[in-house]
Amino acid sequence: FNVNKDGQIVKKTAYVVFAVTIEGKKDILGIWIGESESSKFWMGVLADLRNRGVKDLLICSVDGLKGFEEAIKASFPKAEIQKCVVHQIRNSTKFVSYKDRKAFCADMR
């Protein structure tokens with residue numbers, strides 16, 4: 008989304024972090040507004056989570072944001088990191104001819 012900052016239009020992104028507990032309950036852990044997806048930004052998000060009581064992460068589903076995997080491993084070394092399913096499918100279509108993509112994506116669902 009765009010924000011007027013000191014008379015300039017600046018692009019910002021809202022990042023929502025949520026957790027699924029062992030019992031299957033979903034909790035929103037926070038919403039952060041950022042201008043970049045740098046490792047420094049993600050380290051700040053993860054430090055905030057840790058400061059607010061998150062002790063460990065079991066599985067992190069990420070979409071390849073720059074610096075995110077490294078930040079997770081630095082903050083929560085035991086966490087398993089996996090690419091989200093949507094991005095796995097998108098990335099796999101790079102290896103499928105254009106005429107076959109529609110059928111391929113239908114089969115992946």
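Quick note, the sequence shown lines up with residues 8 to 116 if you use the numbering used here.
Every residue gets a Cβ at the ideal spot worked out from N, C-alpha and C, and that includes glycine.
What does the alpha-carbon distance come out to for the pair residue i and residue j?
i: LYS47; j: ARG108; result: 37 Å
i: VAL61; j: SER104; result: 44 Å
i: THR28; j: CYS67; result: 13 Å
i: ILE35; j: PHE25; result: 4 Å
i: ASN98; j: LYS80; result: 23 Å
i: SER82; j: PHE102; result: 34 Å
i: VAL52; j: ILE40; result: 10 Å
i: ALA78; j: ILE96; result: 24 Å
Going by DSSP, which residues form a beta bridge with residue i?
i: GLU87; result: ILE66
i: ASN11; result: ILE16
i: ASP34; result: ALA26
Mark residue i as exposed unless 16 or more other C-beta atoms lie within 10 angstroms of its C-beta, in which case mark it buried.
i: ALA21; result: exposed
i: ALA110; result: exposed
i: ALA54; result: exposed
i: PHE75; result: buried
Please state whether DSSP places residue i in a helix, a strand or coil.
i: GLY51; result: helix
Any contact between the region 47-56 and the region 10-21? By contact I mean 3 or more CB pairs, one from each, below 8 Å. no
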